[in-house]
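J.:
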Amino acid sequence: RVELLLLEDIVSLLLSNGAPVNDQDYRGYTPLMFSVMFDNPSVVSKLLWHGANPDTAAKDGQTTAETIAINMRRETIWRMLYTWKQDVVPSVFGL
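Next comes the structure, spelled out in structure tokens:
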């Protein structure tokens with residue numbers, strides 16, 4: 605799992621230098637979506653705390669980080685996303 609630790613360090617470095625967390629590739633996939641696909645809860649958490657939008661849809665208009673988590677059976681990450689949207693966002697942003 606050395607690769608995952610290195611990835612976390614790289615993500616932290618990019619985020620601390622202002623990398624845009626919601627940029628999309630040619631399919632509309634975001635860093636958050638890729639983190640879900642690669643089953644990396646630590647990076648998912650870092651991205652969320654740095655402003656990644658879990659509701660951003662890919663160019664197909666349907667794929668979000670949450671739908672990827674459900675379709676790929678990433679239960680831990682799905683719970684993180686659900687909790688983030690239900691509990692963290694309202695408490696942090698006063699909603």
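Count along the sequence shown starting at 1, add 604, and that's the number in this note's numbering. We put the CB at the ideal spot given by N, CA and C, even for glycine. Here the structure is a predicted model, which is why all the values come from computation and not from measurement.
#1: Does the Cβ-Cβ distance between Val648 and Ile681 come in under 9 angstroms?
#2: Excluding five sequence neighbours on each side, which residues of the same chain lie with their C-beta closer than 6 angstroms to the C-beta of Ser646?
#3: Measuring alpha carbon to alpha carbon, tell me which of Pro658, Arg678, Asn644 and Asn621 ends up nearest Tyr633.
#4: Which two residues bound the contiguous alpha helix (DSSP H) that contains Asn675?
#5: Name the two residues that bound the continuous alpha helix (DSSP H) containing Phe638.
#6: Going by other Cβ atoms of all chains shown within 10 Å of its Cβ, with 16 needed for buried, is Ser620 buried or exposed?
#7: Suppose the cutoff is 7 angstroms on Cβ atoms and the five residues either side in sequence are ignored; what does the same chain contact list for Leu780 look like?
#8: The alpha helix (DSSP H) spanning Thr680 covers which residue range?
T.: In short, the structure shows the following:
#1: Taking 9 angstroms as the cut-off, the Cβ atoms of Val648 and Ile681 count as close.
#2: Here Ser646 has Glu612 as same chain residues with Cβ atoms under 6 angstroms from its own Cβ, once five neighbours each way along the sequence are excluded.
#3: When only C-alpha atoms are compared, the closest one is Pro658.
#4: Where Asn675 is concerned, the enclosing alpha helix (DSSP H) stretches over Ala669 to Asn675.
#5: Here the alpha helix (DSSP H) through Phe638 covers Pro635 to Met641.
#6: Under this definition Ser620 is an exposed residue.
#7: Limits of the chain in this structure are 605 at one end and 699 at the other, which puts residue 780 out of reach.
#8: Secondary structure note for Thr680: its alpha helix (DSSP H) is the uninterrupted segment Glu679 to Thr687.
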